[in-house]
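In the order they appear, the protein sequences are chains A and B. Once you know that position 178 of the first sequence is 178 in the working numbering, the rest is easy, because the numbers rise by one and skip nothing. Take any residue in the second sequence, note its place counting from 1, add 1000, and you have its number in the working numbering. First the structure, in the form of structure tokens, and then the observations on it.
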Amino acid sequence: MLTDKIELKDFDKMDPEYKDLLGRVLTIQADCEIGGPHLYVERMLPAAPTKLDQLIVARTAAEEIDHFRKVARVAGDIGVDVSFVLSQPNEKRFVDTFRGLITTWEDNAVFGFLIDRVGRYQLEEFYDCSYLPLQRILPDIVTEELGHIEYGYNKTMELLSKGDEQKERVQKAIDNWYVRALDMFGHTGSSRAERYRYWGLKRRANEQARDDYMKEVNPILEKMGLRIPDPLKGRRYM
Amino acid sequence: MPQPANNIEKLDEHLLQVVRALHGAVKQGVSHSTEPKVMDNAIQDCKEILDEIMTGNVSEWLK
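In structure tokens:
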């Protein structure tokens, strides 16, 4: 297990596997950052229920674009050009969750509440990681992700207060995004995830991170009066 | 030191400007929450900026 801390100036001296994995994880992270706005801007910017919500959709997108910029810079400095993901169609996103389009306000709210939370988990994987330029961009990004999660939670609660019919619509969105969220952590026992850990680029095994996520989210769902979906139904990455 | 990716400086600068412009428009709208016309203009500004980013025509941006 690598315990050294690596600066940009040390990068050339690193093992090819380290370089490859760092480039890969930065590319996927950049794709996920810009993948969010590509899911919700088109339909939710014009359709958010109030003008203030429309502006918050725009602000959220601005923050995700800035996260992309920061990750792209770290990648670009080691010679990895991630700009292609800016024009990538949604169907080609690295992570399944970002393929498609968000078309309802319920989905938008639950996306913030559940999927941005997975985003926070993914970023937390890099806390104290071996590559210092990546570690340095994390605090501001995570702070903004926490804001997206809170906004999603508040909007979900607002919808739940509008009666049974609305509650069913929220539950349907939860049923959809919950399993997608669990899939985002990847395969249990992934050998690549093990290599990320070996090189100090991630902290937890996929299944550990997923388990931690469920332990955090399930009590919140129960407290909100929502059903916890079957964690195995509809899953693609077990 | 590794060789940086082509245009990384220019892309970084362009996106930084985009992000600042978006935050400026949002701030303008939010701070005039009792003036629907100002909010509509701010939303329209955000839409125009975001449409450009969603199109993702990087080579055009960096000209």
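The beta carbon of each residue, even a glycine, is placed where N, CA and C say it ideally should be. Since this is a predicted model, take the numbers as computed values, not measurements.
Neighbouring residues, chain A, relative to residue i (Cβ below 7 Å)
i               : result
residue 1033(B) : 52
residue 1047(B) : 45
residue 1044(B) : Within chain A, no residue comes near residue 1044(B); the closest Cβ sits about 10 Å away, beyond 7 Å.
Cβ-Cβ distance between residue i and residue j below 8 Å
i               : j               : result
residue 78(A)   : residue 1002(B) : yes
residue 21(A)   : residue 201(A)  : yes
residue 152(A)  : residue 109(A)  : yes
residue 114(A)  : residue 177(A)  : yes
residue 240(A)  : residue 159(A)  : Chain A is shown only over 1 to 238; residue 240(A) falls outside these bounds and no answer can be derived.
residue 144(A)  : residue 209(A)  : no
residue 218(A)  : residue 187(A)  : no
residue 1019(B) : residue 31(A)   : no
residue 135(A)  : residue 128(A)  : yes
residue 1005(B) : residue 23(A)   : no
Chain A contact residues for residue i, given Cβ-Cβ distances below 8 Å
i               : result
residue 1057(B) : 87
residue 1017(B) : Chain A residues near residue 1017(B): none, gap ~10 Å exceeds 8 Å.
Per-residue contacts from residue i into chain B (C-beta, under 9 Å)
i             : result
residue 37(A) : 1050, 1053, 1054
Close-in-space but distant-in-sequence residues of the same chain around residue i (CB under 8 Å, 5 per side omitted)
i               : result
residue 1051(B) : none
residue 120(A)  : 142, 145, 146, 149
Of the listed residues the options, nearest to residue i (C-alpha basis)
i               : options                        : result
residue 1024(B) : 1012(B), 1038(B), 1034(B)      : 1038(B)
residue 2(A)    : 57(A), 9(A), 15(A)             : 15(A)
residue 1054(B) : 53(A), 74(A), 84(A), 71(A)     : 84(A)
residue 174(A)  : 111(A), 121(A), 137(A), 130(A) : 111(A)
Contact belief for residue i with residue j at Cβ below 8 Å, rounded distance in angstroms
i              : j              : result
residue 103(A) : residue 192(A) : Between residue 192(A) and residue 103(A) the Cβ distance is about 33 Å, and since that is not below 8 Å, they are no contact.
residue 101(A) : residue 34(A)  : Not really, about 15 Å apart at Cβ, beyond 8 Å.
Beta-carbon neighbours of residue i, restricted to chain A and to distances below 9 Å
i               : result
residue 1041(B) : The contacting residues do not exist; residue 1041(B) stays about 11 Å from chain A at best.
Chain-order list of residues whose beta-carbon lies under 6 Å from that of residue i (same chain, five-residue window excluded)
i              : result
residue 38(A)  : 90
residue 107(A) : 173
8 Å Cβ cut-off: residues of chain B touching residue i
i             : result
residue 11(A) : 1001, 1002
Within chain B, the residues that residue i reaches when beta carbons sit closer than 7 Å
i             : result
residue 41(A) : 1050, 1054
residue 66(A) : 1019
Under 8 Å by beta carbon: chain E residues contacting residue i
i             : result
residue 79(A) : No chain E appears in the structure shown, which is made up of the protein chains A and B.
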